[in-house]
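*Asks:* Residue numbers (the working numbering): 51 to 356. Backbone N, C-alpha and C fix where the C-beta goes; we use that ideal spot for every residue, glycine too. Starting off with a structure, shown below.
Take a look at the structure:
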């Protein structure tokens, strides 16, 4: 199966792989880079992108409070002396558990896959081939979550972008401002990084949290009066990547109506506790999404599996 995003969006394709429980490799060429996503029974088990600045395992564990940078440096030195998985080194040092590493790797997979939702154009190829991945540490990611989270990010991005502005915008702390509630680790990390000197793109690169999450938290802090713009900007907001090809997500990729309704309704239904009305017929939206998948297969000239 192959085609372009002019025919089917990334959300279409991932939804189809989820509903049909496909196994194989999805390769996407867009913005001068190649994404490679591996699926097993419709679940995401592998993801990488040439030049994409996805948070590295060590950076994720530092941000989550499992280790400090000095300990990470020691672990990296040990790994260089006897090459093996960084997770194995940290386990041997007694710093983290196997499940800690699995969660961090799942986060990596999700961040790479979620950036596909912001692509306006590109080509894809899906091949039913065996996918080699680190089964010891990799917990397959439910692609239904990817669809829901992708829909949420696409929906929230315009408001976030409006507050944050351009990648060359600079924010500063507001003197004596105090948060209304205790900040979680990621929120504290972003707040501490705001210094009135580095622009937004520099913060994204330094924090290794990904463009969306860094900007989301920065906009949240601005809305709470903890930070304010020190300098406006209009340069593209970009992911930190190697090479010279920036990857902006200023353009918003719209999911197909049926798929968007299904995942949005599912998320809303899950987010509302018992006794709160959900203003959507979530079961009908799910049926429409299934119909969209069947229609996609029909357009490709192939019947879905039973």
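Quick one: give me the first and last residue of the alpha helix (DSSP H) that residue 238 is part of.
*Replies:* Residues 235-243.
*Asks:* What did DSSP end up calling residue 96 once you bin it into helix, strand or coil?
*Replies:* In this structure, residue 96 counts as strand in the three-state DSSP scheme.
*Asks:* Would you kindly check if the distance between the Cβ of residue 92 and the Cβ of residue 71 is under 8 Å?
*Replies:* Contact flag set, yes.
*Asks:* Taking 6 Å as the limit between beta carbons, can you name the residues of its chain near residue 301, skipping five residues before and five after?
*Replies:* Its pLDDT being 34, under 50, residue 301 is placed unreliably in this model, and the value from its coordinates should be taken loosely. For residue 301, where only same-chain residues beyond five positions count, the Cβ hits under 6 Å are 170.
*Asks:* Check whether the Cβ atoms of residue 200 and residue 287 lie closer than 8 Å to each other.
*Replies:* Going by C-beta atoms, residue 200 is not nearer than 8 Å to residue 287.
*Asks:* Using only the alpha-carbon positions, how far apart do residue 132 and residue 209 sit?
*Replies:* Spanning the two alpha carbons is a distance of roughly 47 Å.
*Asks:* Would you kindly work out how many angstroms separate the C-alpha atoms of residue 274 and residue 264, rounded to a whole number?
*Replies:* Their backbone Cα atoms lie some 16 Å apart in a straight line.
*Asks:* Within the same chain, show all residues whose beta-carbon is closer than 8 Å to that of residue 63, passing over the 5 residues directly before and after it, in chain order.
*Replies:* Excluding positions up to five away in sequence, the list reads 76, 174 and 176.
*Asks:* Residue 72 by DSSP, collapsed to three states: which one?
*Replies:* Residue 72 falls in the coil class under three-state DSSP.
*Asks:* Kindly indicate the opening and closing residues of the beta strand (DSSP E) around residue 222.
*Replies:* Start and end: 220-223.
*Asks:* Assuming residue 191 and residue 268 are in contact, meaning their beta carbons sit under 8 Å apart, how far apart are those beta carbons, in whole angstroms?
*Replies:* Residue 191 to residue 268, Cβ: 26 Å. No contact.
*Asks:* Buried or exposed for residue 193, please, with buried defined as at least 16 other CB atoms from any protein chain shown within 10 angstroms of its CB.
*Replies:* The residue in question, residue 193, is buried, as its Cβ has 16 or more Cβ neighbours within 10 Å.
*Asks:* Pull up the DSSP beta-bridge partners for residue 88, would you.
*Replies:* BP columns for residue 88 point to 75 and 96.
*Asks:* Which one or two residues does DSSP pair with residue 83 in a beta bridge?
*Replies:* Residue 83 pairs with 80.
*Asks:* From the DSSP output, in three-state form, read off residue 280 for me.
*Replies:* DSSP places residue 280 in strand when its eight states are reduced to three.
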